[in-house]
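Quick note, the sequence shown lines up with residues 876 to 1278 if you use our numbering. Presented below is the structure to which this report refers.
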Amino acid sequence: MPKAVIAGAGVAGSVAGIALRKAGWEVDVYEPYQRSAGLSQGAFLTVAVNGLDALRAVEADHVVRRLGFPTGNIRFLTGSGKDLGRMAIGPRLADGTVTRTVKRSDLYAALYDLAVERGVVFRHGARLLDSQRGSPRVQARFSDGTTANGDVLIGADGLHSEVRRRIDPAAPGPRYTGLRNVGARTRTDRLDVSAEATDGDYRMIWGRRCFFGYTVSPDGEIWWFANPHSGTEPTADQLLADGQAALRDRLIEQLRGDRGPAADIVAGTDGPILHSNQYDLPAVPQWHRNGMVIIGDAAHAVSPSTGQGVSLACEDAVTLALCLRDEINVDAALTRYAKVRRDRVDRVTAWGAKMGANKSVGPVGRVIRDLVLPHILARGSTPEAMRKQAWLFDHHIDWAYGA
Ligand SMILES: Cc1cc2nc3c(=O)[nH]c(=O)nc-3n(C[C@H](O)[C@H](O)[C@H](O)COP(=O)(O)OP(=O)(O)OC[C@H]3O[C@@H](n4cnc5c(N)ncnc54)[C@H](O)[C@@H]3O)c2cc1C
876 MPKAVIAGAG VAGSVAGIAL RKAGWEVDVY EPYQRSAGLS QGAFLTVAVN
926 GLDALRAVEA DHVVRRLGFP TGNIRFLTGS GKDLGRMAIG PRLADGTVTR
976 TVKRSDLYAA LYDLAVERGV VFRHGARLLD SQRGSPRVQA RFSDGTTANG
1026 DVLIGADGLH SEVRRRIDPA APGPRYTGLR NVGARTRTDR LDVSAEATDG
1076 DYRMIWGRRC FFGYTVSPDG EIWWFANPHS GTEPTADQLL ADGQAALRDR
1126 LIEQLRGDRG PAADIVAGTD GPILHSNQYD LPAVPQWHRN GMVIIGDAAH
1176 AVSPSTGQGV SLACEDAVTL ALCLRDEINV DAALTRYAKV RRDRVDRVTA
1226 WGAKMGANKS VGPVGRVIRD LVLPHILARG STPEAMRKQA WLFDHHIDWA
1276 YGA
């Protein structure tokens, strides 16, 4: 049986494991942490219908359907209280499926458990340090002293990927965007926002100093995130040292001048507030070499504003498994994988970069945005506009047909 060695037990690694098991491969996944480092990148996330489609190809979509709740639309507001309009986050499928919002920890745990159930072996405490190609297998060396041999080494090791560097030492690395990702969940009964946000919509507020978004879960929790500016890039130690109280106070101070419930939601949050730096990743020219390949955030980090990172990771993972199943050898499979995925990934990334840029415009940009956006949004959910966005959400993977 051919064998895959995967670095990284996040969404991309777990789904690649599930898909490769279905394709008849033996799979070992190596992960530095007891769980996944990807868990600390936010409290919750959205899985779009194209991500659900990719999971359906490997009988894994039920885990997302069971978790979280439907969030089909976004309503945009300004810090001065102006309602800019409402936009659908993708289409409603024939069976009623729309984008779902799930707790990040639930999603990661459910995909991990399913992968174990399907025969994927996980090894924790093992960070990939080094790799080389013998003939014809790839050998990987890990921080716990183990080595592993496989027909392919898959880098599902996230934004700061080591496999990316092994493939191309000159590959671009992540760039700090000047924003932080901050998010948490809190209950609504202490705050009076339920009346405006119980319809499964997101409310996104372009505040004067900080972008803020929230939705209300069916059981009455407010799930919120914010993107405050933070000029210089805090180190991992500085992020750890930044106490919860200081983080909360600073955020409240940045949101206080805006209309709407943002500052009160943050003030009413007693639970842990997760925070991380926000990065983007310039286009990575080379995704594979010598039996090694990268998928998910290791290959392309789309802006969190797109709500597409997880969905693209699922598409990558399933497409790669199909290429490995159907092509004559690993090199041919990796070449095909890159060919099939490149245009789509570049298009989603470019679209996401535009959305992310809108979060941090200056005063002049704000005036233009507030004048123009209502017209764009009014047109944005018409059948005609939804047809134009079909390229993003209608992506379909047919397991029987292949990639
Ligand atoms: C705040 C925030 C909000 C977001 N919201 C959304 C959203 O709503 N919808 C959406 O679709 N996407 C969202 N994203 C993006 C999404 O989280 C990522 O695109 C997705 O999680 C990427 O999954 P991954 O498996 O590729 O990487 P990760 O989840 O980062 O997993 C990488 C794994 O590799 C491991 N690893 C690292 N180095 C090594 C090594 N050397 N050896 C072995 N293993 C290693 C790590 O420990 C980690 O477990 C958001 C991102 C952020 C930061």
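Glycine included, C-beta positions come from ideal geometry on N, C-alpha and C.
Open item on the list: Taking the beta strand (DSSP E) that I1029 belongs to, which residues open and close that run?
Closed with: V1027 to G1030
Task: Through-space distance from G885 to D1032, alpha-carbon basis - done: 8 Å
Task: Rounded Cβ spacing between V1091 and I1148 (contact assumed at less than 8 Å) - done: In fact, because the Cβ distance is near 18 Å, the residues do not count as touching under 8 Å.
TODO: For my contact list, I1042 and I1203 are in at a C-beta cut-off of 8 Å; report their separation, rounded to the angstrom.
DONE: Incorrect: roughly 21 Å between the Cβ atoms, too far for contact.
Task: Any beta strand (DSSP E) of 3 or more consecutive residues that is wholly inside the region 991–1070 - done: 996–999, 1003–1008, 1013–1017, 1022–1025, 1027–1030 and 1050–1062
Open item on the list: I'd like to know if the region 1267–1276 and the region 1184–1203 are in contact, where contact means that at least 3 CB-CB pairs between them fall below 8 Å.
Closed with: yes
- [ ] Could you tell me which residues DSSP pairs with F817 in its beta bridges?
- [x] Outside the displayed range of the chain (876 to 1278) lies residue 817, so it cannot be described from this structure.
Open item on the list: Tell me the residue span of the beta strand (DSSP E) that contains S1151.
Closed with: L1149 to D1155
Task: A879, DSSP secondary structure in three states - done: strand
- [ ] Answer with buried or exposed for G1353, where buried requires no fewer than 16 other C-beta atoms within 10 angstroms of its C-beta.
- [x] Limits of the chain in this structure are 876 at one end and 1278 at the other, which puts residue 1353 out of reach.
Open item on the list: Are there any heavy atoms of ligand 1 lying less than 7 Å away from the beta-carbon of D1172, as far as the coordinates show?
Closed with: yes
- [ ] Let me know if D988 comes out buried or exposed under the rule of 16 or more other beta-carbons within 10 Å of its beta-carbon.
- [x] exposed
Task: Beta-carbon proximity of V1317 to V1177, cut-off 8 Å - done: No statement about residue 1317 is possible, as the shown extent of the chain runs from 876 to 1278 and does not include it.
TODO: Classify G1095 as buried or exposed, calling it buried when 16 or more other Cβ atoms lie within 10 Å of its own Cβ.
DONE: exposed
Task: Stretch pair the region 1012–1028 + the region 898–907: three plus CB contacts closer than 8 Å - done: yes
Task: C-alpha gap between T974 and V922, whole angstroms - done: 6 Å
Task: Cβ-based neighbour list, W1274, same chain, cut-off 6 Å, excluding 5 preceding and 5 following - done: A932
Task: heavy atom of ligand 1 below 7 Å from R1002 C-beta - done: yes
- [ ] Mind checking which residues open and close the alpha helix (DSSP H) that includes D958?
- [x] Run containing D958: none in the alpha helix (DSSP H); it sits in the beta strand (DSSP E), D958 to A963.
TODO: Kindly list the residues whose CB is nearer than 6 Å to the CB of A929, restricted to its own chain and excluding five residues on each side of it in sequence; keep chain order.
DONE: C1189, E1190, V1193 and I1272
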